[in-house]
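What follows is a short report on a single structure.
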Amino acid sequence: MCGIAGIFGESWKPDDLSAMVDSQRHRGPDSYGLYFDPLRRGCMGHNRLSIIDLSDGGRQPMVSKDGALVIVLNGEIYNYLELKRELESEYNFVTRSDTEVLLAAYEKWGSGCLDRLVGMFAFVVWDKRKQSAFAARDRFGVKPLYFHTKIDGTLLIASEIKALHAAGVPRVPDEQTWSTYLVHGLCDHSQDTFWDEVYSLPGGHHLTWGNNQTRIAQWYDLAERIGDRVDERPEQEVQDEYFELMKESVKLRFRSDVAVGINLSGGLDSSSLLGLVHEVQGRESDVTAFTFITGNPDYDELPWVEKMLSKTKHALVISTLTPNDVPIMADDVQYYQDEPFGGLPTLAYAKLFEAAKKNGVTVLLDGNGMDEQWAGYDYYQNVSNGPEPSILQGTKETPVKADCINPEFRKLAKPLLTPSVFKDPLRNLQYRDTKYTKISRALRFNDRNSMRSSTELREPFLDHRMFELAMRQPTNRKIADGVGKKMLREISQRFLPNSIYTAPKRALQTPQREWLRGPLRESAR
């Protein structure tokens, strides 16, 4: 997990790149590096958080053996060992890093290497011979990548928006994005950001730059991968395949040269993650578990977490968010987020990463992604071909108050019109939440939260192979008798106690309403 930056074109100064790298030091405090093309058409910078191959051999920017290609990578290529074995007959590797494997893969297959990668990544490759740049983002957009194009075609690209501003991109709010957010509650659903002329490269897309021209194309789409077919194989066969993918996904995400921990709540997804850790590492697994509380028993999941850990060897670290923490912490978290974030739950999660860092744990796993795969949200229960349900859960009335907004400003808002790519409405809704709403928003919140404390967050259940298999299943394997995640619950019987896999869906919440009406009333006002 790192920070990357690059400038390609004519109008830039070396100090611009240095400013970009300096602004992202929290993403990689272990070391940094700069590269300047001899012809001054491109430059790249890197902030390193050392996870795999802690030696200097893993430092970036990394140059290919012939000096023609230069790469900066943010994230992890989890299957780098398998790719390395495939490539080592024609490539003499000199480091143990996944970055060198990615560089070799790009050198051999070009953009075709993307289909071979299992991981979370955003990377940029500079080709000295062609004087061109290639950038790509992983399938679901776990790792961020933002860009700005100047009038003369010069491209600036970085892991965070603040890095672009540090290089002189004007800090001008994008009024249409703000209006859309305030009227419809939408954010992180397109390549637009809350800042004018600053864009996010969408997940599953790549970008090429050459001759002062920037081009963007899609290289992965979940709907295209699975088509409109339904998996009609026997349920047991599907369960066996999915269970093996679950174990492999968790096993791959333990590839690390630093300590790995687990984020736990009391729900099925988090419990499944813990159970799979035991499947992979054995019952003697002692990785540290982290959870947060607020001191309100109506919301805290500590009893469920403690029950899960009662017969294991995992140490539990509890972080506490109090009302007194919120005003100062909200300002601090906002700085790292660059854009509006998800309220008190985001702050509570930020404290969890702080606790992990203090306890010497640099890598954390969490259970994000199962609700979208297996229709776990409550609004999936009564899906029809009528209007789509709100993107927000846990409230019967909309939290946005469009009537309070200036009419002229309100007219700028753009509603989200998602395509109906499947015949069944449930799968269309799952696709909406995966590509446009739920996951994209959560990933941004989580990435900035983890990077704020210089920790890496890995999402085993966002493995694209798991997603594709789950999305191919018919509705009756996802929802049955008013309960979501049907097949997941059946699979989890293999490694979880009955009280966990049969528990009802509980949204992870904080006493936000109580605090805003009580101890935080004045600071909120």
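Residues in the sequence shown are numbered consecutively from 0, following numbering that gives the first Met the number 0.
Quick reminder that beta carbons are idealized off the backbone N, C-alpha and C, glycines included.
Three-state secondary structure (DSSP) of residue i
i, result
"residue 281", "coil"
"residue 45", "strand"
"residue 552", "This structure leaves residue 552 out entirely; the chain is present only between 0 and 524."
"residue 172", "strand"
"residue 510", "coil"
"residue 424", "helix"
"residue 32", "strand"
"residue 487", "helix"
"residue 333", "helix"
"residue 6", "strand"
"residue 217", "strand"
"residue 405", "coil"
"residue 136", "strand"
"residue 348", "helix"
"residue 446", "helix"
"residue 303", "helix"
"residue 212", "strand"
"residue 205", "strand"
"residue 157", "strand"
"residue 353", "helix"
"residue 241", "helix"
"residue 373", "helix"
"residue 50", "coil"
"residue 95", "coil"
"residue 24", "helix"
"residue 288", "strand"
Anticipated Cβ contact below 8 Å, residue i with residue j, distance rounded
i, j, result
"residue 291", "residue 351", "5 Å"
"residue 155", "residue 144", "So it is not a contact: roughly 11 Å between Cβ atoms."
"residue 118", "residue 74", "6 Å"
"residue 335", "residue 450", "7 Å"
"residue 373", "residue 246", "About 17 Å separates the two Cβ atoms, so there is no contact after all."
"residue 413", "residue 179", "5 Å"
Pair within 8 Å by beta-carbon distance, residue i and residue j
i, j, result
"residue 249", "residue 276", "yes"
"residue 104", "residue 86", "yes"
"residue 242", "residue 279", "no"
"residue 72", "residue 120", "yes"
"residue 528", "residue 466", "Any answer about residue 528 is impossible in this case: the structure gives the chain only from 0 up to 524."
"residue 525", "residue 288", "As shown, the chain starts at 0 and ends at 524. That puts residue 525 outside it, with no answer to give."
"residue 26", "residue 158", "yes"
"residue 597", "residue 244", "Because the chain in this structure spans residues 0 to 524, residue 597 falls outside the shown range and cannot be described."
"residue 194", "residue 171", "yes"
"residue 175", "residue 515", "no"
"residue 255", "residue 490", "no"
"residue 453", "residue 48", "yes"
"residue 116", "residue 63", "no"
"residue 192", "residue 173", "yes"
"residue 369", "residue 485", "no"
"residue 100", "residue 76", "yes"
"residue 187", "residue 522", "no"
Residue from the options with nearest C-alpha to residue i
i, options, result
"residue 107", "94, 95, 89, 119", "89"
"residue 437", "229, 355, 141, 333", "141"
"residue 204", "243, 247, 135, 197", "135"
"residue 322", "84, 194, 293, 439", "293"
"residue 110", "23, 7, 147, 218", "218"
"residue 251", "419, 70, 80", "80"
"residue 435", "415, 52, 39, 93", "415"
"residue 356", "114, 112, 257", "257"
"residue 455", "520, 349, 129, 514", "349"
"residue 8", "132, 373, 490, 26", "132"
"residue 354", "228, 369, 260, 325", "260"
"residue 215", "185, 227, 178, 148", "148"
"residue 330", "13, 230, 448, 186", "448"
"residue 377", "479, 440, 450, 473", "479"
"residue 474", "60, 231, 300", "231"
"residue 274", "18, 495, 1, 301", "495"
"residue 96", "54, 65, 84", "54"
"residue 211", "227, 240, 129", "129"
"residue 446", "345, 310, 181", "345"
"residue 60", "182, 4, 359, 371", "4"
"residue 201", "429, 296, 240, 137", "137"
Heavy atom of the ligand MN within 7 Å of residue i beta-carbon
i, result
"residue 238", "Of ligands this structure carries none, so the ligand MN is not represented either."
> Counting pairs of beta carbons, one from the segment 119-138 and one from the segment 29-44, are three or more of them closer than 8 Å?
Replying inline: Result yes; three or more Cβ-Cβ pairs closer than 8 Å.
> If you pair each beta-carbon of the segment 324-343 with each one of the segment 26-34, do three or more pairs fall below 8 Å?
Replying inline: Taking 8 Å as the limit for Cβ pairs, the verdict is that the segment 26-34 does not touch the segment 324-343.
>> Using 8 Å as the cut-off, can you tell me whether the segment 153-170 makes contact with the segment 394-410, which would need three or more C-beta pairs spanning the two stretches below that distance?
In response: no
> Would you call the segment 267-287 and the segment 233-241 touching, i.e. three or more CB-CB distances under 8 Å?
Replying inline: no
> Should the segment 306-319 be called in touch with the segment 415-434, which here means at least 3 C-beta pairs below 8 Å?
Replying inline: no
> Quick check: the segment 405-423 against the segment 448-459, are there 3 or more CB pairs under 8 Å?
Replying inline: no
> With contact counted as at least three CB pairs below 8 Å, one residue from each stretch, are the segment 364-372 and the segment 207-216 in contact?
Replying inline: no
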